[in-house]
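Line by line, the protein sequences are chains A and B.
Okay, so the first sequence: first residue is 1 according to this note's numbering, each after it adds one.
Okay, so the second sequence: first residue is 333 according to this note's numbering, each after it adds one.
Heads up, the thing below is written out as structure tokens.
There are 2 protein chains.
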Amino acid sequence: MQHDSLSVQVTRGGIIESEHSIKAVIVSSTGEVVESWGDVDSLVYPRSAIKAMQALAFIEMGGAKQFAFDDEEIAICCASHSGEPKHVATVQSMLDKLALSETDFECGCHWPMRAETSYQLAGEGKTPTQLHNNCSGKHAGMLGLAKLLGSSPRGYIEVDHPVQQKIASTMAQMCEYDYSTAPWSPDGCSAPTWAMPLTNLALAFAKFSCPQGLAPERQLACKSLYDAVVKHPFMVAGTERYCTDMMTLLQQRVFLKLGAEGVYVAAIPELKLGIALKCDDGAIRAAESAMTALLDHVGITNFVSDEKMSNYRSVTLKNWEKRITGAITCAL
Amino acid sequence: MQHDSLSVQVTRGGIIESEHSIKAVIVSSTGEVVESWGDVDSLVYPRSAIKAMQALAFIEMGGAKQFAFDDEEIAICCASHSGEPKHVATVQSMLDKLALSETDFECGCHWPMRAETSYQLAGEGKTPTQLHNNCSGKHAGMLGLAKLLGSSPRGYIEVDHPVQQKIASTMAQMCEYDYSTAPWSPDGCSAPTWAMPLTNLALAFAKFSCPQGLAPERQLACKSLYDAVVKHPFMVAGTERYCTDMMTLLQQRVFLKLGAEGVYVAAIPELKLGIALKCDDGAIRAAESAMTALLDHVGITNFVSDEKMSNYRSVTLKNWEKRITGAITCAL
Chain A
1 MQHDSLSVQV TRGGIIESEH SIKAVIVSST GEVVESWGDV DSLVYPRSAI KAMQALAFIE
61 MGGAKQFAFD DEEIAICCAS HSGEPKHVAT VQSMLDKLAL SETDFECGCH WPMRAETSYQ
121 LAGEGKTPTQ LHNNCSGKHA GMLGLAKLLG SSPRGYIEVD HPVQQKIAST MAQMCEYDYS
181 TAPWSPDGCS APTWAMPLTN LALAFAKFSC PQGLAPERQL ACKSLYDAVV KHPFMVAGTE
241 RYCTDMMTLL QQRVFLKLGA EGVYVAAIPE LKLGIALKCD DGAIRAAESA MTALLDHVGI
301 TNFVSDEKMS NYRSVTLKNW EKRITGAITC AL
Chain B
333 MQHDSLSVQV TRGGIIESEH SIKAVIVSST GEVVESWGDV DSLVYPRSAI KAMQALAFIE
393 MGGAKQFAFD DEEIAICCAS HSGEPKHVAT VQSMLDKLAL SETDFECGCH WPMRAETSYQ
453 LAGEGKTPTQ LHNNCSGKHA GMLGLAKLLG SSPRGYIEVD HPVQQKIAST MAQMCEYDYS
513 TAPWSPDGCS APTWAMPLTN LALAFAKFSC PQGLAPERQL ACKSLYDAVV KHPFMVAGTE
573 RYCTDMMTLL QQRVFLKLGA EGVYVAAIPE LKLGIALKCD DGAIRAAESA MTALLDHVGI
633 TNFVSDEKMS NYRSVTLKNW EKRITGAITC AL
């Protein structure tokens, strides 16, 4: 079934104040498009939504075993984390196990995504390091992949480095998409991001949800990654983040991951489905609202009480004095 | 002339990654719609874009003279400031002159809008007060209006308080719009914001740009407010803010003001024009890009060098390592 784009509405004082348009697609693990909204053949940059696929090569080459990464460390390879102390400590542990240091990272510094964590850091008279970069876990995985490939880690973020070429070929197989002529750009963390149709992004996560039919070591790697992220949703995002909170509510039934500019993916093993969506204007608030509507739509939220789901289905907006001013909702 | 909505495009790696739709209208001081884009009759909440109109009653009743507010203090009545030390000191000075204190504010606390200022505050072991609220200058003006009206300041943010009723009746005259049945809501700072057609918002700023024909004390008040804001653009926003930087570039020829959810207004005395725009999805980056295109369109940027305008006409996007990743542009 093909539909028009989804609409996410932001209301205030009883009228619509702002409105977002969303493209979305649900794909089965056998590659069928189950349902779609808007033009899902147009190219989108998956941004951080594809991190689990970027981690796949490292895991299937045995990196987790070789460097003794535990499940939390595997999970943070797929994260856009909030730079909270637990995240930073986990990535430091990975660097220790790789016998590398923070200066080997090429992702750049930024203040922790969680504002309260930034204020705490500043209050201690500190400034952020590359460990606080929301992508530092992914970069630890990339440094590990450089070691597995026997390459120098220097320049591991460059598009022609063996690390990125290996990642691209793995992603190309999972997405069934040829990146050789695809538009690409450095992402926020300088690693390349390649554009692809939204349907191909959903396909990769459909296969991730049910990897039967893939090569045996890839099946194992998908399962190992999936188990790690759903067991440790805090490592994938952080305090008061949609990915973490919704994965926690859904009790290991769904893997969810945000990407910059309003991208979201989901992998749902018990339904053998992948979902990918993109907010046309790049708004994360709208991508989250639409993802909730799609999770409801496929029925995977049925076991969660309405009480727990209600503030995701209609996100209450409050002002600085905690007065209610409006809501964000997505009607499917 | 009526056109379709404006489009603001965000590119990455040579393709459009995200896109925004903008409604905009240019109105003359005599009330003519000169040119419009999209449905400009639909209701929008002006949010902070209307602060100069909220300050008007206080100024025309002689508040600035009575409380000895200088031009910087008048300017910050119209501000969404970044909470930088100079802003906070200015608002404190206003409270001193009003013989009131920070606890009389009812706007709520938030960390300074400028992240660096927040980190500095946290580094000093401090947390924000209501003085740091981006609307604190507006609220100082509202407290002053309560004094002028002989009302208790308590509850000055409530829609039925004499302060808000006086502001509403002044705005209704400037916008030529009857708010009595209009949708309204508490704004972020708890003061009411009333919805109105975008054209009526532009009309108010067209009259503000050329107040001839208004009552003599209102003409003087408009002129006094205009002079204050264009002489002190830092007080209206802050470091690295579009309002401040563009007003500085345009050397007192234009008053510019942002509102939440992607609203922008401009008043241009030498052309006797007002401009109002609203990004449908609420994005500020798009509202700024469209405002630059409209300022170019009416010719008021002609005297500024292309070199100085170029990074507003096409805003270069860079990542954490300062690599160029894309651009934001508005084609008119």
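Every residue gets a Cβ at the ideal spot worked out from N, C-alpha and C, and that includes glycine.
Model, not experiment: these values are computed from the prediction.
Tell me which same chain residues have a C-beta within less than 6 Å of the C-beta of L201 (chain A), skipping the five on either side of it? P46, A276
DSSP three-state call for A362 (chain B): helix, strand or coil? Here residue 362 (chain B) is Thr; the residue named in the question, Ala, does not match the sequence. Three-state result, T362 (chain B): coil.
Below 7 Å between beta carbons: does that hold for P186 (chain A) and T657 (chain B)? yes
Partners in chain A for P518 (chain B), counting only beta-carbon separations shorter than 7 Å: N319, R323, T325
C-beta contact flag for V630 (chain B) and L588 (chain B) at 7 Å: no
Let me check you understand the geometry: is the CB of T459 (chain B) closer than 6 Å to at least one non-hydrogen atom of the ligand PLP? By its list of ligands, the structure shown contains no ligand whatsoever, and the ligand PLP lies outside what it can speak to.
With distance defined between alpha-carbon atoms, name the residue in B:P524, B:T459, B:W516 nearest to E490 (chain B). B:P524
To the nearest angstrom, how far is the alpha carbon of E102 (chain A) from that of F67 (chain A)? 17 Å
Any idea what DSSP makes of C439 (chain B), helix, strand or coil? coil
When DSSP labels each residue in this structure, what does F58 (chain A) get in the three-state scheme? helix
Below 8 Å, can you find three or more Cβ-Cβ pairs linking the segment 422-441 of chain B to the segment 577-587 of chain B? no
Could you tell me whether the Cβ of P494 (chain B) comes closer than 7 Å to any Cβ of chain A? no
Verify whether the separation of the beta carbon atoms of F303 (chain A) and A267 (chain A) is less than 7 Å. no
Quick check on DSSP: helix, strand or coil for N264 (chain A)? With the sequence shown as reference, residue 264 (chain A) is identified as Tyr, and Asn is not the correct amino acid for it. Of the three classes helix, strand and coil, the one that applies to Y264 (chain A) here is strand, per DSSP.
Where the beta strand (DSSP E) through I656 (chain B) begins and ends: 656-663
Between the CA atoms of L535 (chain B) and C542 (chain B) - distance to the nearest angstrom: 11 Å
Top-ranked residue by Cα proximity to Q54 (chain A), from A:G282, A:T127, A:A140: A:A140
Tell me the DSSP bridge mates of I16 (chain A)? A:T11
Could you give the DSSP three-state label for G63 (chain A): helix, strand or coil? helix
Assign G83 (chain A) to buried or exposed, taking buried as 16 or more other Cβ atoms, counted over all protein chains shown, within 10 Å of its Cβ. buried
Beta-carbon neighbours of I15 (chain A), restricted to chain B and to distances below 8 Å: L375, P515, A527
With three or more beta-carbon pairs closer than 8 Å as the criterion, would you say the segment 345-363 of chain B touches the segment 619-627 of chain B? yes
Where does the unbroken alpha helix (DSSP H) through L249 (chain A) begin, and where does it stop? 242-249
Quick check on the burial criterion: 16 or more other C-beta atoms within 10 angstroms. Buried or exposed for K308 (chain A)? exposed
Just to make sure I have the definition right: I need the residues of chain B whose C-beta is within less than 7 Å of the C-beta of S7 (chain A). Which are they? Within 7 Å Cβ-Cβ: nothing; S7 (chain A) doesn't reach chain B, min ~11 Å.
Extract the residue ranges of the beta strand (DSSP E) inside the segment 132-202 of chain A, only unbroken runs of 3 or more that lie entirely within it. 184-186, 192-194
Residues of chain B with a CB under 8 Å from the CB of E60 (chain A): which are they? Near E60 (chain A) there are no residues of chain B at all, since even the closest Cβ is about 27 Å away, more than 8 Å.
Is M665 (chain B) buried or exposed, if buried means 16 or more other CB atoms sit within 10 Å of its CB? Because chain B spans 333 through 664 in this model, residue 665 (chain B) falls outside it and cannot be assessed.
Per DSSP, which residues does I354 (chain B) bridge with? Please list them. B:L338, B:C611
Mind checking which residues open and close the alpha helix (DSSP H) that includes G123 (chain A)? 115-123
For E434 (chain B), which beta-bridge partners are listed by DSSP? DSSP output for E434 (chain B) lists no bridge partner at all.
So who's on the other strand from T648 (chain B), going by DSSP bridges? B:A659
Pick helix, strand or coil for F303 (chain A), following the three-state DSSP scheme. coil
Just list the residues that DSSP pairs S397 (chain A) with in beta bridges. There is no way to answer for residue 397 (chain A), as the model of chain A reaches only from 1 to 332.
Starting from K257 (chain A), follow its DSSP beta bridges and name the residues at the other end. A:V265
Measuring only the C-alpha atoms, how far is V495 (chain B) from S483 (chain B)? 8 Å
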